[in-house]
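Enquirer:
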Amino acid sequence: KIRHLVVHPNNALGFMRSGRLVKVTNKENLDWWGIVTSYRMEERQINIEGKTIQQDYAVIDVILPCDNSIPEPLPERLSENRKYDLESCKIRTVPIPLNELDGISTICIH
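All residue numbers for the sequence shown refer to our numbering, where the first residue is 947 and numbers rise by one.
1. How far does the beta strand (DSSP E) with Asn-993 in it extend, from its first residue to its last?
2. Which term fits Leu-1010, buried or exposed, when burial requires 16 or more other beta carbons within 10 angstroms of its beta carbon?
3. Based on the DSSP secondary-structure assignment, which residues constitute the bridge partners of Leu-967?
4. DSSP three-state call for Ile-948: helix, strand or coil?
5. Going by Cα to Cα distance, which pick from Phe-961, Ser-964 and Val-970 is closest to Asn-1045?
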């Protein structure tokens, strides 16, 4: 419940300034710390009990190390990536849905 409150757009977007450090965890429970560059609100359609509803959600652009073999453009979801040795990685800006953030640091790089 607490995580849901922390990553709710009303609570988190005020902290998503350029340079903020955020923690992202993928489905293999591998962690990345990345740097926020920007955020934007997008609309998506969700299906609830046969009804289509428009829902706004926040997407955060985060600078992260990514495997060089991942083609451009990047996949929509970071969870499709794996963690690699930094020497074999390329630094890229990756769109991350706000609800996939695992932590928001108090540190902000300017």
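Cβ atoms here follow ideal geometry from the backbone N, Cα and C, with glycine treated the same way.
Quick caveat, the model's predicted, so the values are computed rather than measured.
Expert: Reading from the atomic positions:
1. 977-994
2. buried
3. Ile-981
4. helix
5. Val-970
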